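Written out below as structure tokens is the structure these notes cover.
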Amino acid sequence: MANELQLRVNGRMWTVTASPDTPLLYVLTDDLALKGPRFGCGLGQCGCCSVLADGVEIRSCITPTSRVVGKSLTTLEGLPAYYAARMKVTPAPELHPLQDAMIAEQAAQCGYCYNGQIIKGAELLFRTAEPTETQIRSAMNGHICRCGTYPRIMSAIQRAARAIASSKRTGALSGTKEVTHV
Amino acid sequence: MSEGANDQPGLARREFLKTTGVVFVGLSVAEGVGAQAPAGDASAVQRGLVSGPPDPAQVDSYIAIHPDNTATIFAGYVELGQGGPTALRQVAAEELGLDLAQVKDVRADTFVSTNGFTAASRTAGIGGTELRAAAAEARRVLLELASERLKAPAGDLIVAKGVVSVRSDPQRSVTYADLLGGKPFNRKYEPVSYTGGIELPRKSRDNAIPRRRDDYRIVGTRVPRPDIAEKVRGTYEYVQHVRLPGMLHGRVVWPRGQGAHGVSNPTVAGVDEASIKGIPGARIVRRRNFVGVVAEREWDAVRAARQLKVTWEPFAQALPGHEGLFDSFRAAKTNDATDTATGDVNAALSRGVHVVSATYRGPYQSHGTMAPNCAVADVTKDAALVMCSDQGIYQTRNGVARVTGLPIDKIRVQYYAGSNTYGSSCYRDAAQAAAIMSQEVGKPVRLQFSREDEFGWDNYGPAHLADLRAAVDASGKLVAFEYQAWGHAGGGMDTAMQLAFGAAPQINQAGGGFGALFQVHVSQTDMYDVPNRLIVNRRVLGSGYLRTGALRAPMDPSVFFAQEGVMDELAHAARLDPCEFRTRNISHPRWLGVLEAATDAAKWTPRVAASELSAGRVVHGRGIGLGTHHLPQNQGDRVTFAAAVVDVEVNKDNGIVVATHVYAAMDCGLAINPGIVESQIVGMSNHGASLALKEEVQFNRTNVTSVDWNTYQTLRFREHPAVTAIVVQQLHEKSSGAGEEVLPAVVAAIGNAFFDATGVRIREYPLTPRRVLAALKSTRRAPGRSA
Numbered sequence: 001m002a003n004e005l006q007l008r009v010n011g012r013m014w015t016v017t018a019s020p021d022t023p024l025l026y027v028l029t030d031d032l033a034l035k036g037p038r039f040g041c042g043l044g045q046c047g048c049c050s051v052l053a054d055g056v057e058i059r060s061c062i063t064p065t066s067r068v069v070g071k072s073l074t075t076l077e078g079l080p081a082y083y084a085a086r087m088k089v090t091p092a093p094e095l096h097p098l099q100d101a102m103i104a105e106q107a108a109q110c111g112y113c114y115n116g117q118i119i120k121g122a123e124l125l126f127r128t129a130e131p132t133e134t135q136i137r138s139a140m141n142g143h144i145c146r147c148g149t150y151p152r153i154m155s156a157i158q159r160a161a162r163a164i165a166s167s168k169r170t171g172a173l174s175g176t177k178e179v180t181h182v
Numbered sequence: 001m002s003e004g005a006n007d008q009p010g011l012a013r014r015e016f017l018k019t020t021g022v023v024f025v026g027l028s029v030a031e032g033v034g035a036q037a038p039a040g041d042a043s044a045v046q047r048g049l050v051s052g053p054p055d056p057a058q059v060d061s062y063i064a065i066h067p068d069n070t071a072t073i074f075a076g077y078v079e080l081g082q083g084g085p086t087a088l089r090q091v092a093a094e095e096l097g098l099d100l101a102q103v104k105d106v107r108a109d110t111f112v113s114t115n116g117f118t119a120a121s122r123t124a125g126i127g128g129t130e131l132r133a134a135a136a137e138a139r140r141v142l143l144e145l146a147s148e149r150l151k152a153p154a155g156d157l158i159v160a161k162g163v164v165s166v167r168s169d170p171q172r173s174v175t176y177a178d179l180l181g182g183k184p185f186n187r188k189y190e191p192v193s194y195t196g197g198i199e200l201p202r203k204s205r206d207n208a209i210p211r212r213r214d215d216y217r218i219v220g221t222r223v224p225r226p227d228i229a230e231k232v233r234g235t236y237e238y239v240q241h242v243r244l245p246g247m248l249h250g251r252v253v254w255p256r257g258q259g260a261h262g263v264s265n266p267t268v269a270g271v272d273e274a275s276i277k278g279i280p281g282a283r284i285v286r287r288r289n290f291v292g293v294v295a296e297r298e299w300d301a302v303r304a305a306r307q308l309k310v311t312w313e314p315f316a317q318a319l320p321g322h323e324g325l326f327d328s329f330r331a332a333k334t335n336d337a338t339d340t341a342t343g344d345v346n347a348a349l350s351r352g353v354h355v356v357s358a359t360y361r362g363p364y365q366s367h368g369t370m371a372p373n374c375a376v377a378d379v380t381k382d383a384a385l386v387m388c389s390d391q392g393i394y395q396t397r398n399g400v401a402r403v404t405g406l407p408i409d410k411i412r413v414q415y416y417a418g419s420n421t422y423g424s425s426c427y428r429d430a431a432q433a434a435a436i437m438s439q440e441v442g443k444p445v446r447l448q449f450s451r452e453d454e455f456g457w458d459n460y461g462p463a464h465l466a467d468l469r470a471a472v473d474a475s476g477k478l479v480a481f482e483y484q485a486w487g488h489a490g491g492g493m494d495t496a497m498q499l500a501f502g503a504a505p506q507i508n509q510a511g512g513g514f515g516a517l518f519q520v521h522v523s524q525t526d527m528y529d530v531p532n533r534l535i536v537n538r539r540v541l542g543s544g545y546l547r548t549g550a551l552r553a554p555m556d557p558s559v560f561f562a563q564e565g566v567m568d569e570l571a572h573a574a575r576l577d578p579c580e581f582r583t584r585n586i587s588h589p590r591w592l593g594v595l596e597a598a599t600d601a602a603k604w605t606p607r608v609a610a611s612e613l614s615a616g617r618v619v620h621g622r623g624i625g626l627g628t629h630h631l632p633q634n635q636g637d638r639v640t641f642a643a644a645v646v647d648v649e650v651n652k653d654n655g656i657v658v659a660t661h662v663y664a665a666m667d668c669g670l671a672i673n674p675g676i677v678e679s680q681i682v683g684m685s686n687h688g689a690s691l692a693l694k695e696e697v698q699f700n701r702t703n704v705t706s707v708d709w710n711t712y713q714t715l716r717f718r719e720h721p722a723v724t725a726i727v728v729q730q731l732h733e734k735s736s737g738a739g740e741e742v743l744p745a746v747v748a749a750i751g752n753a754f755f756d757a758t759g760v761r762i763r764e765y766p767l768t769p770r771r772v773l774a775a776l777k778s779t780r781r782a783p784g785r786s787a
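Quick mapping for you: the protein sequence lines, in order, are chains A and B.
Letter 5 of the first sequence, counting from 1, is numbered 5 in my numbering, and no numbers are missing.
Letter 15 of the second sequence, counting from 1, is numbered 15 in my numbering, and no numbers are missing.
As structure tokens, then:
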């Protein structure tokens, strides 16, 4: 039943041998040895396993691998490069501005849910450059944090939005206008 | 060093290091020294080579200085997400006179680390005190050596960044590394020791004196946690990431939800092997009632665990169900124990000008780890390696020894962080299950629990029923306080062990099984000055209830919800502002300090609760709560003080209560890293809101039914409160722990805020929409009455 599946992950093509119904998470963690997406519930309820598929956040624990063939997948590992490409930033920063903001806010505690928090927060910032508090609460509602660090995640998203906006103003980022609302 | 000198469990040591990716900072030093060390100079210099724990009376057990003039500490306290190890590095750097960047730590490992138990907020208080004493002794050794080398009295020496120089002639200097010359400290000293959490006086008069706290440069500062950057980058290695060559993926197959503990005995009636024939890669693993599956590919293991048909003997209809729980407590035969009886409560109650008599209830709650527990085990004929998340590597080792039958010194346990554990989640079960499966199949096994395994078989935080009576005199001063508490025994055998042994249901009954942790103590109430006080624990036998265990601030949320609720009821009866009521009845300056800090931050305006009720559909209120983590074993020795003010919004139409802002103050003595303490306050404020508003284990007559994030609700992003966190720094007090105390204060304050918003008192949490709507409905015709 195992098939050869071609996947584009973080800009690279991979060939994996797996049954087509295998949830993407297990391919990413076991075959590609990625540490970003991780198992939290296997039910799509918590958001620990989130990745971007063509820029849209999906739950890899309930997504059959066959369904993402042909899509461009981005995990936490590939987020800074994806951000750079999408926002036309050169050279690519070491981290996505939201990752920098999470460190500045000392937001994480156990940090296990942070893969999903960062992936979802980054998706939000691509879509809405300067989200309101209500927009952030709504966008992030599907990502549980049992350490209760929500206020720090909120601050980090706001800080990242400011950083992106200010780098646009100072010209550190270029060609960003047309991709502000994707 | 010969290979023969370091027989490793299962794997040659070099293989061990290669396959696990474990790199000990400074191991090469230990190796080199170990080869030359005279016999009898054992423990610490054989770090990584022999089973621990190393001798706590040797400086080398805690600290190594390397040729590059850096240090490594080996304290067996782990990173659960709370930042404790960063605080310990600060303590060591401070005492040793090193910069923080010069101090590293290593993965907790039973072949490396001192014996620590990362629970009950012990890391800073106990772990920090132990390490401070060892580091002070290390510094004394170094200064002795330097005095000799530099030919200057120790009093004339100064230390910066691990370089000792002569004050009057700074050109004369020497590094720590040069002083030790690659040798260990080899210094015996009198370590700090504890009995039941109480620090014992040290006998020697010649112990090294720690640095003056007024001179601290590193302790007391907001140092960032290095693990946070790794976690945010995605490079942090959780236990879920650990892989070994030749490893199989394992899943357990347990019945849906735990049954009545001590009565129901999960017993396999039959396993239908044909049910997973379609998954050729999967194999059944069985030891008596322990059933699992293993497969090379993880998805095969997951599918097989779901598909495998196991018939279980039916569970007894012995649970009361969550609806019938408190009636069953009240009806149960109890083994009563009086914690405190001072004065004459009945007489004082009869004299009271305002008397409150009320019953409060708190639910079973789950640890709700973000990630279900996971462990990787490699068990061979004569040794075992277990990589897992836990609170104490040496405690985990004991359980693995029992299930494998291997000698304890042949078991190596290494700590890899999982997600939040909040106490005894199913991490012991995971370690044991991985070991059992590896032993059965003869290969390394990575065991990952499912969401249902974790929620369904937790050691739940205990449910609580409380009858309280209290009274004040005409001036609003407390004259009587009575607390009658119902609760039941915890523990018993871990699930994995019980299934694998095919053991009869067992439970810790009377006596020790009730555990001081699960009872109510005067230490939770003595912030109030009350001349007449009675506290009785009505201990229900645990058979027929859920298995319980320590859950962050064990019992405290329920106890403070009740106690602080009653204090608010008294304040209301006496027409006093809730803050004014507390200041009239509290004289302890540190309790008053946190109360003032929280109310100042909240810009508290004095008024009687529920005195400004709104007729709107969405109403607002604010409440106060105090909290601590009760430490019956060391009252007065290591107490942390917390106070919270919480603002809530209540929607009378749908019954949804949202905590919108928490102002929380905590005095945990010396805050080694106020930034980390502040993070704990933020986390506890949100966790507390979750406990107060959402979390409740559901179960029927046979088993637990809340087994995922839909059936077990938790606070989500949209409803989270903003938090104003206040750390009350006490440079000269003992560090007393910072991971639990705000939690009960917040739960209590939310209950009180709900009353302020609605004029209705709910005495059972969580304040779910169903409970709120029922309470509002029952009092609709009589506003201001209690439910």
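By construction, the Cβ of each residue, glycine as well, lies at the ideal position given by its N, Cα and C atoms.
Nothing here was measured: the structure is a model prediction, and the numbers come from that model.
Own chain residues within Cβ distance below 6 Å of residue i, not counting five before or after
| i | result |
| --- | --- |
| G97 of chain B | V159 |
| E482 of chain B | V345, R469 and L534 |
| T583 of chain B | none |
| V192 of chain B | T129, E130 and A133 |
| G487 of chain B | P462, H464 and F518 |
| P9 of chain B | Interpretation of P9 of chain B is limited by its pLDDT of 37, a score under 50 that renders its predicted location unreliable; the figure taken from the coordinates is listed afterwards. Only A383, A384, L385, K410 and R412 meet the Cβ criterion. |
Nonlocal neighbours in the same chain, by C-beta distance under 8 Å from residue i, ignoring five residues either side
| i | result |
| --- | --- |
| I62 of chain A | P23, G42, L43 and G44 |
| I586 of chain B | M527, Y528, D529, L592 and L595 |
| V356 of chain B | L468, R469, A470, A471, V566, E569, L570 and A573 |
| N207 of chain B | A133, A136, E137, Y189 and E190 |
Cutoff 7 Å; reference residue i; Cβ partners in own chain excluding five residues on either side
| i | result |
| --- | --- |
| M848 of chain B | Examination of residue 848 of chain B is not possible in this model, given that chain B is present from 1 through 787 alone. |
| W604 of chain B | C579 and V645 |
| N532 of chain B | T342, G343, D344, V345, A348, V479 and A480 |
Proximity test, Cβ basis, 8 Å: residue i and chain A
| i | result |
| --- | --- |
| L767 of chain B | no |
| I411 of chain B | no |
| R791 of chain B | With chain B covering only 1 through 787, there is no way to say anything about residue 791 of chain B. |
| I726 of chain B | no |
C-beta neighbour in chain B for residue i, strict 8 Å
| i | result |
| --- | --- |
| L95 of chain A | yes |
| K35 of chain A | yes |
| T149 of chain A | yes |
| T22 of chain A | yes |
| N183 of chain A | No answer is possible for residue 183 of chain A: the residues shown for chain A start at 1 and end at 182. |
Listed by chain order, chain B residues near residue i by CB distance under 7 Å
| i | result |
| --- | --- |
| E77 of chain A | G234 |
| I164 of chain A | Neighbours of I164 of chain A on chain B: none; closest Cβ ~17 Å, over 7 Å. |
| G188 of chain A | Residue coverage of chain A in this structure runs from 1 to 182, which leaves residue 188 of chain A outside it and unanswerable. |
Neighbour list for residue i in chain B, Cβ cutoff strictly below 9 Å
| i | result |
| --- | --- |
| Q45 of chain A | R451, D708, W709 and N710 |
| I118 of chain A | V232 and G234 |
Chain-ordered neighbours of residue i on chain A, where CB pairs are closer than 7 Å
| i | result |
| --- | --- |
| Q82 of chain B | Q109 |
| R225 of chain B | Q106 |
Under 9 Å from the C-beta of residue i: neighbouring residues of chain A
| i | result |
| --- | --- |
| I218 of chain B | By Cβ distance, chain A contributes nothing, its closest Cβ being about 17 Å from I218 of chain B, past 9 Å. |
Presumed contact (8 Å Cβ cut-off) between residue i and residue j, rounded CB distance
| i | j | result |
| --- | --- | --- |
| L52 of chain A | R233 of chain B | Going by Cβ atoms, the distance from L52 of chain A to R233 of chain B rounds to 17 Å, so no, they are not a contact pair. |
Would you check if the stretch 279-286 of chain B and the stretch 479-499 of chain B touch, i.e. whether three or more CB-CB distances between them fall below 8 Å? Output reads no: the stretch 279-286 of chain B does not touch the stretch 479-499 of chain B.
Does the structure place the stretch 391-401 of chain B close enough to the stretch 136-150 of chain A that three or more beta carbon pairs sit under 8 Å? no
Do the stretch 614-628 of chain B and the stretch 734-752 of chain B meet, that is, are 3 or more Cβ pairs less than 8 Å apart? yes
When the Cβ atoms of the stretch 726-742 of chain B are set against those of the stretch 758-767 of chain B, are three or more pairs found closer than 8 Å? no
Does the stretch 423-439 of chain B touch the stretch 378-394 of chain B, meaning 3 or more C-beta pairs lie closer than 8 Å? yes
Is there contact here, the stretch 101-109 of chain A with the stretch 69-77 of chain A, by at least three beta-carbon pairs under 8 Å? With contact defined as three or more Cβ pairs closer than 8 Å, the stretch 101-109 of chain A and the stretch 69-77 of chain A are not in contact.
Report yes or no: do three or more beta-carbon pairs, one from the stretch 671-681 of chain B and one from the stretch 710-720 of chain B, lie closer than 8 Å? Contact between the stretch 671-681 of chain B and the stretch 710-720 of chain B is absent, because fewer than three Cβ pairs lie under 8 Å.
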